[in-house]
Amino acid sequence: MENEKFFEIKDLVVKFGPPKRRNAVLKGINLSVPKGKVLGLVGESGCGKSVTMLSAMGLLPKRNCEISGSIRFDGQELLNMPVKELQKIRGKRIAMVFQEPMTSLNPVFTIGQQLAEVLEQHEGLKGEANKKKVLELLNMVAIPDPASVYDYYPFKLSGGMRQRVMIAMALACDPELVIADEPTTALDVTTQAQIIDLFQDLQHKLNTSIVFISHDLGVIGEISDEIAVLYAGYVMEHCDVTTLFKNPCHPYTFGLMASRQGRSMYNKERLYNIPGMVPSAENMPKGCPFAPRCPKAGERCRQEVPELREIAPGHTVRCWEVSEHV
Amino acid sequence: MSEPLIEVRNLKKHFPLGKGPFAKKNGRVVKAVDGVSFSINSGESFGLVGESGSGKSTTGRCILNLLKPTSGQVYYDGKPLFDSEKGIALNKSQMLPFRREMQLIFQDPNASLDPRMTVGAIVEEGIRKHKIAQGAEASKLAGDFLELCGLERSTAKRYPSEFSGGQKQRIGIARALALSPRFIVADEPLSALDVSIQSQVLNLMSELKEKLHLTFLFISHDLKTVEYFCDKIGVLYLGTLVETGTTPETMTRPLHPYTQALFSAIPPDDPTADNPPRIPMIGEIPSATNMPSGCKFHTRCPYAVERCAQEEPQLTCAEGSHCVACHRWKEIAEGCAPTVYTSKE
Amino acid sequence: MSKEKEQVYSPFRAGVKKFFKNPFSVTGLVVLVVLVLFAVIGPMVTGYDQETMDMMNMLKAPTAQHLLGTDDLGRDILTRLACGGRVSISVGIFATMFKLVIGVLLGSIAGLYGGVVDSVIMRITDIIMCFPFFVISLSIAAITGPSFKNVIFIIGILGWPSVCRIVRSKVLQLKNMEYVEAAQALGLSQMGIIFRHILPNAMGPIIVFTTLSVANSVLLEASLSFLGLGIARPQSSWGTMLSAAQNTQILRDNWWMWVPAGLMVLLTVLSINFLGDGLAEVLDPKSKGKEGV
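Chains as they are written, first to last, in our numbering: chain A, 3 to 328; chain B, 130 to 474; chain C, 56 to 348.
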C-alpha cells in the first residue's frame with residue numbers, strides 16, 4: 003500500500019495581525035504524511051513549522067488570525083470543523099507532544115490522574131480498567147516503577163521523565179497521527195538520545211504516523227523517513243531522508259547542512275554560513291524569500307516566488323535555479 | 130613553557146540548601162562544583178562540556194569571581210584571585226583591575242542587554258568605568274568595537290529591542306571586547322541562536338580569537354561546536370571533571386564511560402550512513418542534592434564495580450595531557466565487557 | 056525582532072503612543088491638568104481673597120457675584136475651594152514624595168542585599184502595615200496636633216511600606232537579570248548597579264504607585280481634616296471644607312458649603328486613578344508592546 007495520503011495539507015495560508023496590518027506567517031504550505039511513516043519538519047525561527055501543526059489541531063487564536071487552504075485527515079476537512087467534532091479527533095486520533103515538559107503537565111494533578119483523564123474522556127475507561135491501561139502506558143514509555151510514578155506529582159519527575167509521560171498521554175488512545183513539536187529541544191543531549199530511541203521504538207511497534215518538528219537537522223535526520231524544509235512560511239524542499247542528506251538541492255537546505263557539518267576538529271577553515279537573517283513577517287522581500295541570502299539567486303528569483311516542483315519522484319523543490327536546470 | 134594564564138586547582142562551590150538566616154545551620158548543601166582542576170594557556174580555547182547540573186556555568190563564574198568559591202584556588206596570570214589555603218579572596222575594588230582583562234559573554238541575548246539603555250551606552254559602560262576614554266572618544270571607541278563585531282556604527286543610537294538574537298549577541302560580544310580583555314568566558318553563547326546564525330557568530334568569535342589573541346573558556350553542551358572551536362576539552366559531570374585532554378585526544382579516543390556515552394548521543398552528521406550503534410545511557414542524572422557515593426557516575430555506568438561505589442576516582446594522567454577520572458579506564462580502553470553493578474543506594 | 060527603521064524607536068516613545076490611545080487615561084490627564092490649573096491660578100482670578108470676611112453676605116447661595124456662594128463667615132467659597140485645592144494637592148504630592156524617598160531606598164536595599172537586612176526591613180513594613188490607619192493617625196495627631204506638616208508626616212510614615220514592597224519585589228526580579236551580572240563583570244559598584252540598571256527598569260511600578268498614592272493621599276487628607284486631625288482651620292483644604300457638613304443645618308440647607316469640596320475630591324481621585332490605570336497598562340510588562348520591563 004503506497005502513499006496513502008491520509009493526512010494532507012494543501013495551500014495552507016495563515017495570517018496574523020489586526021485587519022489593517024495582517025502579515026502572512028504561512029504562505030502556501032503543501033505537505034502530506036504517508037501512513038505509518040515519520041515526516042520531519044525542519045526550519046529555523048519564523049519558518050512557520052509550529053503554526054502549521056497548530057492550525058491542523060485548531061489551536062490557533064480566534065482573533066486576528068486568518069486561515070485558508072485545506073487540511074484533510076482521513077478524508078475529513080479539519081479547517082473550520084466545529085469544535086465538538088474536532089474534540090473527538092484531538093487527543094484520540096491526532097495527538098500532540100509539546101516542547102516544554104516543565105510546563106505542559108498540570109502541576110496540581112498526579113501523573114495517574116492526568117493519564118486517567120485522557121482515557122476516560124476518549125475511551126470511556128473507568129476504575130480498575132483505566133488504572134491498568136495507565137500502568138501499561140507508563141511501562142511502554144520505559145518509566146521505571148510505574149506503580150509509584152502513578153501517584154507522583156509532576157514536580158517529582160525530571161524533564162526526560164515528564165516528556166515520556168507526555169508521550170504516553172499522546173499514545174494513550176492509539177492515535178493514528180502524533181504531532182511532536184520540538185519534543186527534545188529542552189532536554190539534555192543524553193536524554194534527547196533516549197527520547198529519540200523511544201520514538202523510533204514506538205513508531206515501529208505501533209505503526210503510528212508521526213510529524214516531528216525540530217530546528218535540529220541531526221535529530222530530524224535520525225528519526226524521519228521524509229523531511230520537509232521550511233523557510234519563511236514556505237516549503238522549500240521535501241524528499242526522503244537519504245536524498246536530503248546525500249543530495250540536498252535547495253540552496254537553503256544545502257546551507258543548513260554545511261553550517262552544521264563544518265563543525266569538526268579537522269576543519270580549520272571558517273564555517274560555511276548563510277549571510278543575513280530570516281526576514282520578518284512584515285518585511286518579506288518580493289519574489290523568493292530566500293533570494294537576498296542565496297548564493298545562487300538569479301533575476302527571476304527576486305521577482306517571482308518559485309513554484310514547488312517535482313524534480314525527481316518524491317522530491318519537490320521550490321527554487322527556480324534548481325527546477326529550471328533539471 | 131610559560132605559566133598558564135588561568136589556573137584552577139581543586140575549585141569547590143557549595144550552595145547551602147534552604148533559605149533565610151538559618152540555612153547554614155542544617156549543613157545540607159548542593160555541591161555544584163566539587164573539586165575541579167584545570168589550566169588554560171594564553172591563546173588557548175578550553176571547552177568545558179557538560180549537561181544540566183554539571184556545574185559548568187558555576188565554574189565559569191567562580192573563575193571570574195562573580196560567585197565567591199567555597200574553597201580552592203583560582204590564579205590569573207600567576208596572581209591569585211582566590212586562594213582558600215592562603216586565605217586570599219579579592220574584594221570588589223581589588224578585582225577591578227582584573228575585570229578589565231577578564232570578561233563574560235552570556236547565553237541569552239535578550240536578557241543580557243539592559244533594555245533601557247542604547248546600544249552605544251551599553252558598550253561604553255565599561256570604557257567609562259575603567260577610564261579608558263571619556264565623552265566623545267568613548268563613543269568613538271564603542272563604535273569601533275561594534276564595527277569589529279560586524280555591526281554598523283549607527284546601531285549605537287538604537288535600543289536592543291530593535292535587533293535580532295544574532296545581532297544582540299554581537300552587541301554582547303562588543304561590550305565584552307570594549308575593555309580589550311585577554312580572557313573571555315563564553316557561557317553557552319550560541320544556544321539561543323538559530324543554526325545558521327550560530328555559524329555567523331562562531332566565525333566572528335574565531336576571527337576575534339585570532340586577531341586579538343584571546344584566551345577562551347568556552348562553556349557549552351554542544352559537543353560539535355566545542356570540537357570545532359576549542360583546543361582542549363574538559364568534561365564535567367555533577368561538578369567533577371571526569372576527563373580532560375586536547376580536542377583530538379579526547380574526541381578520537383574518549384576514555385571515560387560518560388564521555389563515551391555523551392559523544393555517542395550526538396546525532397550523527399549523516400544519519401543515513403553506517404554509523405556505530407549508540408551506547409545506551411542508563412537512567413537519569415541524579416539530583417544534585419542526593420549525589421551518589423564514590424564515583425558520581427557509578428549509578429549509570431555500564432562498567433561499574435564495587436570499588437566505584439566506595440571510592441571516588443581522581444583525575445589521573447592516561448597519556449600525554451589526556452587525563453581521566455575512572456578506576457577502570459585501562460580495562461575499558463582495552464575492551465572489557467560491561468557489567469552492571471547495582472549499588473545499594 | 057529586527058526592524059530597519061530610520062527613526063530611533065525608543066521604548067519611551069512607544070509607551071507614550073500607547074498611552075494616548077486610551078480614552079480613559081487621556082480624560083484623566085486632561086481633568087487633572089484642569090484641576091491643578093484651577094487650584095494654582097483660581098484664587099488670582101476670582102477677585103476675592105480666601106480670608107476676606109463679608110459679614111453682610113454670610114451663607115448666601117450661589118449668585119453671579121459669588122459663583123459658589125459664601126460660607127458662614129462670608130468668605131467666597133470658590134476662592135476657598137481653589138486655595139483648598141492647593142493645600143490638598145500639595146499634601147498629596149509631598150506625602151507621596153515622603154513615601155517614595157523612604158520606600159524606594161529601603162526597598163532597593165532590602166532587595167539587593169537580602170539576608171538579615173532584608174528580614175529586618177520586611178518585619179518593619181509588616182508591623183506598620185498591621186495597624187489600622189485611623190487608629191494610628193488619631194494617636195499621632197493627638198500628640199502632635201493638626202497641621203500641614205503633620206498630615207504629610209502621618210500619611211507618609213504610614214504609607215511607605217507599600218512602595219517599599221513593590222520596589223523590593225522588582226529589585227529581586229531584576230537582580231537576577233543577566234545584564235546586571237554583566238555590569239558586575241564590568242566592575243560596577245553595587246550602588247552604581249542600583250542607579251544605572253535596576254531603578255530605571257523598576258520605574259514602571261514606581262510611577263504607577265506614585266500616581267495612585269497622590270490620589271490616595273488627597274483622600275486621606277480630606278478624611279483626616281474632616282475629623283479635625285489634619286489641616287487646622289482657618290486654613291482651608293477640601294477636607295476642612297467638607298467638615299462643615301458635620302453641622303446638620305449646613306448639611307441640609309447650605310449644600311454649596313460642602314458639596315463642591317466633595318466633588319473636587321471625587322474628581323481628583325477619579326482622574327488620577329484613570330491616569331494611573333493608563334500608565335499601568337503602558338508600563339506593565341505583561342502588555343504586548345515592544346517593551347517589556
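Using N, Cα and C, we set each Cβ at its ideal position, and we do this for glycine too.
Quiz item: Under the rule that 16 or more other beta-carbon atoms within 10 Å means buried, what is residue 474 of chain B, buried or exposed?
Solution: Low confidence applies to residue 474 of chain B: its pLDDT is 34, below 50, so where it sits in the model is not reliable enough to give any reading.
Quiz item: Near residue 308 of chain A, which residues of its chain fall below 6 Å by C-beta distance, leaving aside the five closest residues on each side in sequence?
Solution: 290, 320, 321, 322
Practice problem: Output, in sequence order along the chain, the residues in the segment 246-260 of chain A whose CB is closer than 8 Å to any CB in chain B. | Solution: Answer in chain order: 247, 248, 257, 258.
Quiz item: Using a Cβ cut-off of 8 Å, which residues of the segment 204-237 of chain A contact any Cβ in chain B, in chain order?
Solution: Near chain B, meaning a CB-to-CB distance below 8 Å, the residues of the segment 204-237 of chain A are 217, 218, 219, 220, 221, 223, 224.
Exercise. Please state whether DSSP places residue 432 of chain B in a helix, a strand or coil.
Key: Note: residue 432 of chain B maps to coil in three-state DSSP.
Practice problem: Apply the 10 Å Cβ neighbour rule to residue 185 of chain B and answer buried if 16 or more other Cβ atoms are within range, or exposed otherwise. | Solution: Per the 10 Å Cβ criterion, buried.
Practice problem: Could you confirm whether any beta carbon from chain C is found closer than 8 Å to the beta carbon of residue 259 of chain B? | Solution: yes
Practice problem: Quick one: give me the first and last residue of the beta strand (DSSP E) that residue 36 of chain C is part of. | Solution: Since the first residue of chain C shown is 56 and the last is 348, residue 36 of chain C is not available in this structure.
Quiz item: Roughly how many angstroms lie between the CA atoms of residue 116 of chain A and residue 144 of chain A, to the nearest whole one?
Solution: 18 Å
Quiz item: If we cut at 8 Å on Cβ distances, does residue 232 of chain B have a partner in chain C?
Solution: So, interface residue.
Quiz item: Can you find a C-beta in chain A that's less than 8 Å from the C-beta of residue 384 of chain B?
Solution: no
Quiz item: With a Cβ-Cβ cutoff of 8 Å, do residue 177 of chain C and residue 165 of chain C count as a contact?
Solution: yes
Quiz item: According to the Cβ coordinates, are residue 237 of chain A and residue 107 of chain A closer than 8 Å?
Solution: no
Quiz item: Looking at chain A, which residues of the segment 311-329 of chain B have a Cβ within less than 8 Å of any of its Cβ atoms?
Solution: 323, 324, 325, 326, 327, 328, 329
Quiz prompt | Rounded straight-line distance, which links the Cα of residue 10 of chain A to that of residue 248 of chain A | solution = 26 Å
Quiz item: Does any C-beta atom of chain B lie closer than 8 Å to the C-beta of residue 50 of chain A?
Solution: Not an interface residue.
Practice problem: Could you check which residue in A/60, A/209, A/327, A/233 has the C-alpha nearest to that of residue 292 of chain A? | Solution: A/233
Quiz item: Could you give the residue range of the alpha helix (DSSP H) that holds residue 357 of chain B?
Solution: Looking at the DSSP string, the run of the alpha helix (DSSP H) that includes residue 357 of chain B is 352-358.
Self-check item: Where the alpha helix (DSSP H) through residue 209 of chain B begins and ends
Solution: Looking at the DSSP string, residue 209 of chain B is not in any alpha helix (DSSP H); the run it does join, the beta strand (DSSP E), is 208-212.
Quiz item: Taking the alpha-carbon positions, what's the residue 361 of chain A to residue 253 of chain A distance?
Solution: A question about residue 361 of chain A goes unanswered here, because the residues of chain A that appear run from 3 up to 328.
Quiz item: What three-state label does DSSP hand residue 146 of chain B in the structure shown?
Solution: coil
Quiz prompt | Chain-order list of residues whose beta-carbon lies under 6 Å from that of residue 387 of chain B (same chain, five-residue window excluded) | solution = 366, 371, 426
Quiz item: From which residue to which residue does the alpha helix (DSSP H) around residue 234 of chain C run?
Solution: 233-241
Exercise. Run down chain D in chain order and give the residues with a C-beta less than 8 Å from the C-beta of residue 357 of chain B.
Key: Among the protein chains of the structure shown, namely A, B and C, there is no chain D.
Quiz item: Terminal residues of the continuous alpha helix (DSSP H) containing residue 227 of chain B?
Solution: Per DSSP, residue 227 of chain B belongs to the alpha helix (DSSP H) from 221-230.
Quiz item: For residue 226 of chain A, which option in A/279, A/36, A/41, A/17 has the closest C-alpha, if you only look at C-alpha atoms?
Solution: For the residues A/279, A/36, A/41, A/17, the minimum Cα distance to residue 226 of chain A belongs to A/41.
Quiz prompt | Cβ of residue 240 of chain B within 8 Å of any chain C Cβ | solution = yes
Quiz prompt | Backbone secondary structure at residue 205 of chain C - three-state DSSP | solution = If DSSP states are grouped into helix, strand and coil, residue 205 of chain C belongs with the helices.
Quiz prompt | Helix, strand or coil at residue 26 of chain A according to DSSP, with G and I counted as helix | solution = Look at residue 26 of chain A here: in three-state DSSP terms it is strand.
Quiz item: What's the gap between the Cα of residue 267 of chain B and the Cα of residue 186 of chain A?
Solution: So the two alpha carbons sit approximately 45 Å from each other.
Quiz item: Using a beta-carbon distance below 8 Å, is residue 102 of chain A in contact with chain B?
Solution: no
Quiz item: With 8 Å set as the bound, which would you pick, yes or no: does the beta-carbon of residue 398 of chain B sit closer than that to a beta-carbon of chain A?
Solution: Chain A places a beta carbon closer than 8 Å to that of residue 398 of chain B, counting this residue as a contact.
Quiz prompt | Contacts that residue 244 of chain C makes with chain B (C-beta to C-beta distance below 8 Å) | solution = In chain order: 221.
Exercise. Quick one: using the 10 Å Cβ neighbour count with 16 as the cut-off for buried, is residue 113 of chain C buried or exposed?
Key: exposed
Quiz item: Are any of the Cβ atoms in chain A nearer than 8 Å to that of residue 173 of chain B?
Solution: no
Quiz prompt | Any non-hydrogen atom of the ligand COA closer than 7 Å to residue 273 of chain B Cβ | solution = With respect to the ligand COA, the structure shown offers nothing to examine, as it has no ligands at all.
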